[in-house]
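J.:
Numbering (the numbering used here), first residue to last: 435 to 589.
Structure representation (structure tokens):
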């Protein structure tokens, strides 16, 4: 059963996923692979990175060995359509939310060794929302570079 904090983290994660998918909706097909400044991540790559983040964090929350391998397994070119990107994000979020839902209060204090150091399960549980929020901001900024100055919000 989910903890109260897990329920809150899950709700905010769902909100950020909604914002991500809305930003994707406002990204034209011809701009999905646009490379800002000639070297930055494309909108497609940003969306795939959000999905990878959810998958990685889900595996970390479950305590799976080699959870970081997901970062190499998801490739933007494997998701050629907006629909494929949307399905990837939704499936990845679902797995992450299921992992959050399986955490107990005691689990939240456990530690995990991640590639930058040690984190608590509690901090990793919140990281999905934080990571996605960061990338939603990137997509929104990229949209302003195309001249889209409207505010698009899912909530």
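By construction, the Cβ of each residue, glycine as well, lies at the ideal position given by its N, Cα and C atoms.
1. When we look at the beta-carbon of residue 441 and count the other beta-carbons within 10 Å, is it buried (16 or more) or exposed?
2. Please determine, among 457, 531, 520, 451, the residue with the shortest C-alpha to C-alpha distance to residue 582.
3. Using a Cβ-Cβ cutoff of less than 7 Å, which residues in the same chain neighbour residue 547 once the five nearest sequence positions on both sides are dropped?
4. With distance defined between alpha-carbon atoms, name the residue in 514, 436, 491 nearest to residue 608.
5. Please say whether residue 511 and residue 501 have beta carbons closer to each other than 7 Å?
6. Would you kindly work out how many angstroms separate the C-alpha atoms of residue 471 and residue 576, rounded to a whole number?
7. Have a look at 521, 488, 552, 549 and flag the residue whose alpha-carbon is nearest the alpha-carbon of residue 530.
T.: Straight from the coordinates:
1. Taking a 10 Å sphere around the C-beta of residue 441, we find fewer than 16 other C-beta atoms and assign the residue as exposed.
2. Residue 457 is the option with its Cα nearest to residue 582.
3. Cβ neighbours of residue 547 beyond the five flanking positions: none.
4. In the structure displayed, the chain extends from 435 to 589; residue 608 sits before or after that span and is not available.
5. Not in contact: residue 501 and residue 511 (Cβ atoms no closer than 7 Å).
6. In this structure, the CA atom of residue 471 is about 10 Å from the CA atom of residue 576.
7. Of the candidates 521, 488, 552, 549, 488 places its Cα closest to the Cα of residue 530.
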